[in-house]
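Per the working numbering, the sequence shown runs over residues 45 to 225. The C-beta atom is built at its ideal place from N, Cα and C for all residues, glycine as well. Take a look at the structure below.
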Amino acid sequence: MALGSNQPSAVGGPADTLLYAIELLKQKGCDIQAVSRLFANPAFPLGSGPDYVNAVVGFRTDRTAAEILEVLHDIEATLGRERHVRWGARSVDLDLVAVGSVVCPDAQTQNHWRTLPLNDQMSQTPDELILPHPRLQDRAFVLMPMAEIAPDWLHPTLGKTVLQMLNDLSQQDKDDVRPIE
45 MALGSNQPSA
55 VGGPADTLLY
65 AIELLKQKGC
75 DIQAVSRLFA
85 NPAFPLGSGP
95 DYVNAVVGFR
105 TDRTAAEILE
115 VLHDIEATLG
125 RERHVRWGAR
135 SVDLDLVAVG
145 SVVCPDAQTQ
155 NHWRTLPLND
165 QMSQTPDELI
175 LPHPRLQDRA
185 FVLMPMAEIA
195 PDWLHPTLGK
205 TVLQMLNDLS
215 QQDKDDVRPI
225 E
């Protein structure tokens with residue numbers, strides 16, 4: 045699961061919000077296996093808001109992907125998440141980026157959303173859960189923290205590890221993602 049925030053919530057600033065979201069995940073019965081460091085990166089599109097704080101968490105649960113998504117949406121609501129603008133500023137964003145080697149709903153649909161041109165990505169939203177997250181391979185702010193906790197995870201439709209997908213990105217994309225000390 046990927047976490048992001050660039051606005052304060054009732055529990056504090058973005059970093060505090062992400063750490064609290066991880067605590068809520070534990071309280072909801074998810075067995076946390078690994079947590080990356082916190083990273084900062086510019087908002088997308090560039091200049092659209094304050095820098096984001098991001099992290100990735102690996103956990104075990106016996107819930108289905110749909111049930112996990114419900115838990116994440118509940119945590120977002122608890123932390124004041126409101127969905128007004130696609131890719132807009134937010135107090136918290138919890139994305140289910142992968143569940144093992146699950147492809148959901150199927151490889152053809154995952155491929156459609158993964159290869160959608162950027163302009164279409166900005167205006168279209170799938171009406172069902174897509175796994176792995178269709179833009180995972182494009183996002184250094186997800187891949188850099190993910191590389192800390194699951195560098196060898198293999199994308200089931202691309203056949204690439206996290207490290208390989210990260211190496212495919214531009215150096216500028218990687219340089220924009222900075223660990224928070």
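Rounded Cβ spacing between residue i and residue j (contact assumed at less than 8 Å)
i: Ser-49; j: Leu-62; result: 6 Å
i: Val-147; j: Leu-116; result: Incorrect: roughly 19 Å between the Cβ atoms, too far for contact.
i: Phe-103; j: Asp-75; result: 6 Å
i: Thr-201; j: Ala-151; result: 6 Å
i: Ala-99; j: Leu-47; result: 5 Å
One or two residues paired with residue i in a DSSP bridge
i: Leu-198; result: Thr-205
i: Tyr-64; result: Answer by DSSP bridge pairing: none, since Tyr-64 is not bridged.
i: Ile-76; result: Phe-103
i: Val-97; result: Ser-49, Ala-84
i: Pro-223; result: Phe-83
i: Gly-144; result: Answer by DSSP bridge pairing: none, since Gly-144 is not bridged.
i: Gly-56; result: Ser-53
i: Leu-175; result: Cys-148
Buried or exposed by the 16-neighbour rule on C-beta atoms within 10 Å, applied to residue i
i: Gln-154; result: buried
i: His-199; result: buried
i: Glu-120; result: buried
i: Asn-163; result: exposed
i: Ser-214; result: exposed
i: Leu-90; result: exposed
i: Pro-170; result: exposed
i: His-156; result: exposed
i: Pro-178; result: buried
i: Ser-92; result: exposed
i: Pro-189; result: buried
Delimiting residues of the beta strand (DSSP E) encompassing residue i
i: Asp-139; result: 137-139
Sub-9 Å separation of residue i and residue j beta-carbons
i: Ser-145; j: Gln-51; result: no
i: Tyr-64; j: Gly-56; result: yes
i: Leu-173; j: Leu-123; result: no
i: Phe-83; j: Val-101; result: no
i: Phe-185; j: Asp-220; result: yes
i: Ala-191; j: Leu-210; result: yes
i: Ile-224; j: Ala-59; result: yes
i: Ile-112; j: Met-166; result: no
Any non-hydrogen atom of the ligand ATP closer than 8 Å to residue i Cβ
i: Asp-75; result: This structure lacks the ligand ATP; in fact it carries no ligand of any kind.
The alpha helix (DSSP H) enclosing residue i, as first and last residue numbers
i: Asn-163; result: 162-167
i: Asp-118; result: 109-122
i: Leu-187; result: 184-193
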